[in-house]
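Colleague: Under the UniProt record's numbering, think of the first position of the sequence shown as 1, with each following residue one higher. Using N, Cα and C, we set each Cβ at its ideal position, and we do this for glycine too. The structure presented is a predicted model; accordingly, all values stated were derived computationally and were not measured. Just dropping this structure here.
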Amino acid sequence: MESGAEPVRKKVKLMEKDASTNGYHEGTTDEDNEMHIDEPSSPERADHEIPVAGSSDQWEAGNILALSPEGSSVASREEHDEDIMEDAPQTQSTPVIDCPGRSTLEDLKWKTPTTSLPPVEPSPDHFVFYKLPWENKAPEPRSAPFDFHQSSIKLPYCNRSVWQRVEEALRSRINNGRELIEIIRKCSGRNLDCNLLLELLHGRRQASFMEEETERLFADVIPKIQQLALKLPELVKQPIPILNPGQSISLSQLQVASLLANAFFCTFASRKRNVNHMPDINFQGLYYLPRGDQSHVESNMQKLQCLFSYFRKIDLELGEPNGVVTFHRREVQDSPQWNESTKPIKRLHISRTGTIEDDGTYMLQMDFANKYLGGGVLGQGCVQEEIRFAICPELIAGCLFSKVMLEKEAIIICGAQQFCKYDGYGSSFQWESNFNDVTPRDSSGRLCVSVVALDAIPFYGRKSRQYEVGNMDRELNKAFAGFMVDEGAESIPVATGNWGCGVFGVRSYILFIVARHSLVFFFYLCASIYFSFFLIF
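Given below as structure tokens:
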């Protein structure tokens with residue numbers, strides 16, 4: 001580095017792969033927290049020096065591997081209120097940076113399968129819809145008296161005339177897309193426009209089904225969805241509460257499937273966000289696009305492909321899948337005094353490769369959420385949250401009973417299964433293949449997959465506002481709610497990325513301040529943020 005340049009705050013070691021010797025060129029670390037990198041043996045200037053803000057260094061990195069800077073604290077962090085290295089050009093070298101106590105991805109992966117919530121036990125604040133204990137088979141539905149002090153969802157079968165109409169419609173054989181749309185209209189009681197659904201089933205777009213696929217769909221999958229929807233009164237035998245802060249609900253996967261089958265046929269009462277303060281649950285937003293709007297046609301078709309993959313895997317006769325999903329609204333009442341915190345940062349691993357869902361095994365996996373759970377998964381959205389909900393459709397069930405998230409609140413979901421693989425992002429998103437999720441289950445029957453939904457403040461073009469005291473406190477408290485460890489649960493590592501990346505214009509450095517867990521960052525499509533971490537950690 002140039003003489004007189006301010007040293008980076010972390011001591012690091014750089015290991016550059018040497019293709020000629022199949023070995024590594026190692027740097028060294030000093031005791032004074034300054035970074036020192038040995039010059040390469042060649043006389044040329046090193047292309048892999050850590051870039052300094054405002055410099056023209058060009059550097060392409062593979063992984064940063066760092067571990068607990070025990071001497072560093074919140075108070076010692078410098079503010080960075082500008083974009084850093086927005087697009088770092090790629091070079092041929094792929095160095096790895098290693099801090100003392102090296103922490104690889106494998107080091108941080110939890111060795112024992114677990115979830116971030118305690119075992120399922122009924123209580124006044126935990127509504128359990130099946131009989132306990134779970135015994136490695138689909139649990140039997142459980143009845144419970146109605147709680148007049150708890151607001152609840154009006155299920156379709158609660159209105160006799162509505163359910164008679166739904167039953168009559170769903171007992172009809174459906175042979176093609178037009179008949180399917182007519183059945184959806186009858187079930188909903190509304191003349192819904194389903195132009196996109198028709199295009200998927202009988203159109204000629206790249207994402208449209210081939211004729212043979214459509215025939216298989218109406219022979220096997222659609223009848224299964226009809227049967228699942230009709231089973232709702234048998235599978236869900238008690239009112240579904242609208243969750244308040246601090247409350248949980250545990251449902252069997254078959255109960256979730258029946259609820260989503262009803263959402264497929266749009267049997268739930270319609271909602272308006274500004275009136276009900278809840279996301280919609282019916283799939284009608286996926287079936288329709290305004291005339292002339294072509295920007296979301298392909299991605300919405302691909303999301304529907306993901307949902308059909310999900311229903312294809314449900315088997316009522318075999319009772320599969322046979323597990324459980326828990327939804328929990330967590331709120332913090334008393335948050336720390338962040339400006340007084342001196343807690344050291346936990347272990348971390350940072351990578352430009354990998355994804356939260358594929359590489360965050362047994363970790364608390366971040367959902368970069370909308371304040372309305374699910375965001376645009378049932379509409380025109382197709383970024384991180386929407387994609388995760390599309391490939392793990394059981395997450396969508398949370399939209400049924402989750403109001404808009406509060407300022408100091410997070411939603412944790414344990415046990416949601418992945419049913420398909422995907423490729424791309426946004427407009428390039430596409431269903432790739434069916435997926436067989438072999439993740440182990442915990443003692444309560446939940447897959448050892450924990451997702452935490454946290455909504456960031458949208459700053460859009462006003463990025464500097466995120467560093468105002470009120471906004472910083474809000475984001476810190478929000479993340480604190482997500483990362484708290486419940487009594488009876490384990491503190492598992494957190495798999496995340498750039499929370500608020502993209503149009504929200506947020507930087508995710510504050511996750512380091514809040515986390516009482518080890519952190520794994522996957523900076524997929526956020527190269528500029530990846531590089532800026534060199535200047536802070």
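Between which two residues does the alpha helix (DSSP H) harbouring M472 extend?
Modeller: Here the question's residue 472 lines up with position 472 in the sequence shown. From DSSP, the alpha helix (DSSP H) with M472 extends over 469-483.
Colleague: Per DSSP, K420 is paired with what?
Modeller: Working through the sequence shown from its first residue, we reach residue 420 at position 420. The residue asked about is misnamed: residue 420 is Cys in this sequence, not Lys. In DSSP, C420 forms a bridge with N434.
Colleague: If you draw a straight line from the C-alpha of P133 to the C-alpha of S258, how long is it?
Modeller: On the sequence shown, position 133 is the one that residue 133 refers to. On the sequence shown, position 258 is the one that residue 258 refers to. P133 and S258: Cα-Cα distance of roughly 22 angstroms.
Colleague: Taking CB distances under 8 angstroms as the criterion, tell me whether T496 reaches chain B.
Modeller: In the structure shown, chain B does not exist; there is a single protein chain.
Colleague: Hey, how far is the Cα of N276 from the Cα of P145?
Modeller: Start at 1 with the first residue of the sequence shown, and residue 276 comes out as number 276. Start at 1 with the first residue of the sequence shown, and residue 145 comes out as number 145. Each residue's Cα considered, the two are about 25 angstroms apart.
Colleague: Can you tell me which of the three DSSP states C414 falls into?
Modeller: The residue labelled residue 414 in the question sits at position 414 within the sequence shown. Correct three-state label for C414: strand.
Colleague: In the DSSP assignment, find the alpha helix (DSSP H) that holds residue 610 and state where it starts and stops.
Modeller: For residue 610 there is no data in the structure shown, the boundaries of the chain being 1 and 537.
Colleague: Buried or exposed, going by whether 16 or more other CB atoms sit within 10 Å of the CB of Q164?
Modeller: The sequence position of residue 164 within the sequence shown is 164, counting from 1. When all chains shown are included, Q164 counts as exposed.
Colleague: Between S335 and F480, is the Cβ-Cβ spacing less than 8 angstroms?
Modeller: Your numbering for residue 335 matches position 335 in the sequence shown. Your numbering for residue 480 matches position 480 in the sequence shown. It is a contact, given that the beta carbons lie within the stated cut-off.
Colleague: One question on the structure: do N195 and Y288 come within less than 8 angstroms of each other, judged by their Cβ atoms?
Modeller: Residue mapping note: residue 195 aligns to position 195 of the sequence shown, counting from 1. Residue mapping note: residue 288 aligns to position 288 of the sequence shown, counting from 1. A contact, by the Cβ cut-off of 8 angstroms.
Colleague: State the beta-bridge partners of E320 as determined by DSSP.
Modeller: Looking up residue 320 in the sequence shown gives position 320. Paired residue(s): D315.
Colleague: I'd like the span of the alpha helix (DSSP H) that includes T104, first residue to last.
Modeller: In the sequence shown, residue 104 corresponds to position 104, counting from 1. Note, T104: premise wrong, no alpha helix (DSSP H); not H, not E.
Colleague: What residue from I183, K421, R273, Q417 has the CA that sits closest to L400's CA?
Modeller: To locate residue 400, count along the sequence shown from 1; it is residue 400. Measuring from the Cα of L400, the nearest candidate turns out to be R273.
Colleague: The alpha helix (DSSP H) spanning S258 covers which residue range?
Modeller: To locate residue 258, count along the sequence shown from 1; it is residue 258. Run containing S258: 253-264, per the alpha helix (DSSP H) assignment.
Colleague: Secondary structure at E121, three-state DSSP: helix, strand or coil?
Modeller: Position 121 of the sequence shown, counting from 1, holds the residue named residue 121. The answer is coil: DSSP assigns E121 none of H, G, I, E or B.
Colleague: Is H277 helix, strand or coil when you go by DSSP?
Modeller: What you label residue 277 is simply residue 277 of the sequence shown in a count that begins at 1. Three-state DSSP puts H277 in coil, outside helix and strand.
Colleague: Mind the definition here: the segment 196-204 touches the segment 288-306 only if three or more C-beta pairs lie below 8 angstroms; say whether that holds.
Modeller: With the cut-off at 8 angstroms, the segment 196-204 and the segment 288-306 touch.
Colleague: Distance check for E475 and C158, CA to CA, integer angstroms please.
Modeller: Translated into positions along the sequence shown, residue 158 becomes position 158. Translated into positions along the sequence shown, residue 475 becomes position 475. Rounded to whole angstroms, C158 to E475 spans 40 angstroms at the Cα level.
Colleague: Would you be able to state if there are at least three C-beta pairs under 8 angstroms between the segment 242-253 and the segment 163-178?
Modeller: Counting C-beta pairs closer than 8 angstroms gives fewer than three between the segment 163-178 and the segment 242-253, which falls short of the contact rule.
Colleague: In terms of residue numbering, what span does the alpha helix (DSSP H) encompassing F401 cover?
Modeller: As a working mapping, residue 401 is identified with position 401 in the sequence shown. It spans 398-401 - the alpha helix (DSSP H) in which F401 sits, taken as one unbroken run.
Colleague: Could you spell out the range, first to last residue, of the alpha helix (DSSP H) harbouring D358?
Modeller: Locating residue 358 in the sequence shown gives position 358, counting from the first residue. Start and end: 356-359.
Colleague: What separation, rounded to the nearest whole angstrom, lies between the Cα atoms of I242 and K313?
Modeller: Residue 242 sits at position 242 when you count from the first residue of the sequence shown. Residue 313 sits at position 313 when you count from the first residue of the sequence shown. I242 and K313 have their C-alpha atoms roughly 28 angstroms apart.
Colleague: Residue range of the beta strand (DSSP E) that V494 falls in?
Modeller: Mapped onto the sequence shown, residue 494 falls at position 494. Where V494 is concerned, the enclosing beta strand (DSSP E) stretches over 494-496.
Colleague: If you drop the 5 nearest sequence neighbours on each side, which residues of the same chain put their C-beta closer than 8 angstroms to that of I391?
Modeller: The residue given as residue 391 occupies position 391 in the sequence shown. Around I391: C306, E357, Q418, F419, C420, K421, Y422, F435.
Colleague: Using 10 angstroms around the beta-carbon of K486, count the other beta-carbons present and answer buried if the total reaches 16, otherwise exposed.
Modeller: In the sequence shown, counting from the first residue as 1, residue 486 sits at position 486. Before going on, a small fix: residue 486 reads as Asp here, not Lys. Exposed: under 16 other Cβ atoms inside 10 Å.
Colleague: Tell me whether S116 sits in a helix, a strand or coil according to DSSP, three-state version.
Modeller: Here residue 116 corresponds to residue number 116 of the sequence shown, with the count starting at 1. Reduced to three states, the DSSP call for S116 is coil.
Colleague: On a Cα-Cα basis, can you pick out the residue from D473, L117, G497 that is closest to E340?
Modeller: As a working note, residue 340 is residue 340 in the sequence shown. The shortest C-alpha separation from E340 is found at D473.
Colleague: With a CB to CB cut of under 6 angstroms and the five nearest residues on each side skipped, what residues in its chain are close to F327?
Modeller: Taking the first residue of the sequence shown as position 1, residue 327 is located at position 327. Correct list, in chain order: I249, G398, I413.
Colleague: Whole angstroms are fine: how far does the CA of S443 sit from the CA of I396?
Modeller: Counting from 1 along the sequence shown, the entry for residue 396 is found at position 396. Counting from 1 along the sequence shown, the entry for residue 443 is found at position 443. Approximately 24 angstroms, taken between the alpha carbons.
Colleague: Over the uninterrupted alpha helix (DSSP H) stretch that includes H202, give me the two end residues.
Modeller: Indexing the sequence shown from 1 puts residue 202 at position 202. Unbroken alpha helix (DSSP H) run through H202: 195-202.
Colleague: Going straight from the alpha carbon of G424 to that of Q430, what length do you get?
Modeller: Here residue 424 refers to the residue found at position 424 of the sequence shown. Here residue 430 refers to the residue found at position 430 of the sequence shown. If you take the alpha carbons of G424 and Q430, they lie about 6 angstroms apart.
Colleague: Taking V332 as the reference, which of F521, S464, G246 has the closest Cα?
Modeller: In the sequence shown, residue 332 corresponds to position 332, counting from 1. Looking at the Cα atoms, G246 is the closest of the given residues.
Colleague: Can you tell me whether DSSP reads Q90 as helix, strand or coil?
Modeller: As a first step, residue 90 must be located in the sequence shown, where it is residue number 90. The pLDDT assigned to Q90 is 39, lower than 50, so where the model puts this residue is not dependable; a value taken from the coordinates is nonetheless given after this. Reduced to three states, the DSSP call for Q90 is coil.
Colleague: Would you grab the beta carbon distance between L519 and V452 for me? Rounded to a whole angstrom, and I think it's under 8 angstroms.
Modeller: Position 519 of the sequence shown holds residue 519. Position 452 of the sequence shown holds residue 452. Going by Cβ atoms, the distance from L519 to V452 rounds to 13 angstroms, so no, they are not a contact pair.
Colleague: Quick check on DSSP: helix, strand or coil for T326?
Modeller: Locating residue 326 in the sequence shown gives position 326, counting from the first residue. For T326, the three-state secondary structure derived from DSSP is strand.
Colleague: Per DSSP, which one or two residues make a beta bridge with V451?
Modeller: Position 451 of the sequence shown, counted from the first residue, corresponds to residue 451. DSSP lists Q365, I413 as the beta-bridge partner residues of V451.
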